[in-house]
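Residue numbers (full-length UniProt numbering): 1 to 414. Glycine is no exception: its CB is placed at the ideal position from the N, C-alpha and C atoms. Just so it is clear, the structure is predicted and the values come from calculations on it, not from any experiment.
In structure tokens form, the structure reads like this:
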């Protein structure tokens, strides 16, 4: 899921929502129904390129008092918020995604000014000294080579058209017959998944990192709207098919945020469900009803509005409001209610400080299903557990996953 806040797009789109909601007969009238209409459209609408650059760049610093032309900054000052105050490495994109810089540890914090200064480890592209606003991201690697691994870019023939994917081969000499299929979240890209490569490579796994419909790399769907996992799992199914056709005996699905919802749907609906050995989910959406309820309550809006959002997404007659060609049945995506139907061993890593997709639903799913192993992290914002503690993230995965991996000689891996 995107890292942008909920309040800014809500406020900026309120007028649009009021107009749209008031014109839909049968759904309801008034502000609550109008807000519900706007929220439903916002949830399924992919962000524009560079549209989430809402973090002001307050200044940059250099090693020398009189920097030479072309010299890169070594520090950056940003507003203090829960994201910029967290420890770890991050990526700042700017200039409508044309520029990016890797930021390191927190150097100073001014409670009075509400600012932080962090180190600039490397400017990958663009002129950071001219940046005015940026987007904070945990996806620190630009491609698998940047993460330290060789790779091949391959095309996948998705139901919506041809889309790119990265394939990272297993380390030389590996006898692991299981591939990792890595699924990014809403508003993110396949770069988000590269943080798991250290773990999968250590376990001897090959991996495929697909794009999927409406993520700005794959072709859009006909309606140009997210399915919240209800449709995107079909694209992941193609990635699984590719892995099985190129040497995998079975797969493990990794998913971040909405990618977790997609992975859960793939485990449930895939043609190859019997070849999915396990799920590894980071900050996943396991129940959209709960997530909508949480954001409704956090903004002190009427509970009925959250109920209307679910009804609007599921109703064919609300296409004018949502833009969806087909309704989304959130009941299919409700893994708290469907907990007994989850038969795939699942590891969930989730920060208790995640205020975008709260960890309570992940903990509850683990309480209801003994196949789900929940590991809470006590630092980090949404899907930033690896950033604040990469050693613990890798250790969690590499200690839990081996029992679910197929080796080339395993009889039960077929």
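Limits of the unbroken alpha helix (DSSP H) element including residue i
i: residue 295; result: 288-298
i: residue 313; result: 303-314
i: residue 346; result: Counting along the chain, residue 346 falls outside any alpha helix (DSSP H), though it belongs to the beta strand (DSSP E) covering 346-351.
i: residue 390; result: 390-400
i: residue 236; result: 233-245
i: residue 320; result: 319-322
i: residue 199; result: 197-202
beta-carbon residue i near the ligand ZN non-hydrogen atom, thresh 8 Å
i: residue 48; result: As far as ligands go, the structure on display features none, and thus does not contain the ligand ZN.
Inter-residue spacing [alpha-carbon to alpha-carbon] between residue i and residue j
i: residue 178; j: residue 357; result: 29 Å
i: residue 35; j: residue 168; result: 44 Å
i: residue 291; j: residue 69; result: 48 Å
i: residue 190; j: residue 140; result: 12 Å
i: residue 100; j: residue 386; result: 19 Å
i: residue 180; j: residue 199; result: 10 Å
i: residue 326; j: residue 281; result: 27 Å
i: residue 76; j: residue 143; result: 24 Å
i: residue 79; j: residue 115; result: 4 Å
i: residue 221; j: residue 71; result: 43 Å
i: residue 225; j: residue 318; result: 14 Å
i: residue 96; j: residue 57; result: 14 Å
i: residue 452; j: residue 38; result: The structure shown does not extend to residue 452, since the chain is modelled only from 1 through 414, so no value can be given for it.
i: residue 268; j: residue 112; result: 51 Å
i: residue 251; j: residue 368; result: 25 Å
i: residue 382; j: residue 255; result: 13 Å
i: residue 214; j: residue 398; result: 32 Å
i: residue 265; j: residue 54; result: 32 Å
i: residue 223; j: residue 238; result: 21 Å
i: residue 404; j: residue 392; result: 20 Å
Environment of residue i [buried if 16+ CB atoms lie within 10 Å]
i: residue 175; result: exposed
i: residue 299; result: exposed
i: residue 110; result: exposed
i: residue 362; result: buried
i: residue 105; result: exposed
i: residue 344; result: buried
i: residue 395; result: exposed
i: residue 48; result: exposed
i: residue 108; result: exposed
i: residue 132; result: exposed
i: residue 247; result: exposed
i: residue 64; result: exposed
i: residue 145; result: exposed
i: residue 263; result: buried
i: residue 187; result: buried
i: residue 274; result: exposed
i: residue 283; result: buried
i: residue 134; result: buried
i: residue 173; result: exposed
i: residue 82; result: exposed
i: residue 277; result: buried
i: residue 320; result: exposed
i: residue 192; result: buried
Neighbourhood of residue i by C-beta distance below 8 Å, restricted to the same chain and skipping five residues each side
i: residue 288; result: 228, 261, 310, 330, 333, 334
i: residue 162; result: 155, 156, 219
i: residue 371; result: 342, 343, 344, 345, 346
i: residue 402; result: 203
Beta-carbon contacts of residue i that lie in its chain and below 6 Å, excluding the five residues immediately before and after
i: residue 212; result: 218, 232, 235
i: residue 302; result: 32
i: residue 388; result: 86, 87, 88, 379, 380
i: residue 152; result: 167
i: residue 351; result: 377, 380, 385
Contact with chain B by residue i, beta-carbon distance below 9 Å
i: residue 182; result: In the structure shown, chain B cannot be found, because there is only a single protein chain.
Element boundaries [beta strand (DSSP E), containing residue i]
i: residue 280; result: 276-282
i: residue 417; result: Not covered by the structure: residue 417. The range shown for the chain is 1 to 414.
i: residue 255; result: 250-256
Close beta carbons around residue i, own chain, < 7 Å, minus the five adjacent residues each side
i: residue 400; result: 347, 373
i: residue 73; result: 60, 61, 62, 120, 128, 129
i: residue 364; result: 336
i: residue 314; result: 327, 328, 329, 330
i: residue 244; result: 272, 275
key: beta strand (DSSP E) segments (min. 3 residues) lying fully within the segment 106-182   = The segment 106-182 contains these whole beta strand (DSSP E) runs: 115-125, 133-137, 152-158, 161-168.
ask   = Can you list the beta strand (DSSP E) stretches of 3 or more residues lying completely in the segment 59-99, in chain order?
value = Taking only runs of at least 3 residues, the beta strand (DSSP E) segments lying wholly in the segment 59-99 are 59-61, 75-79, 90-94.
request  = Within the segment 355-393, note down every full beta strand (DSSP E) run reaching 3 residues or more, in order along the chain.
outcome  = 372-377, all fully within the segment 355-393.
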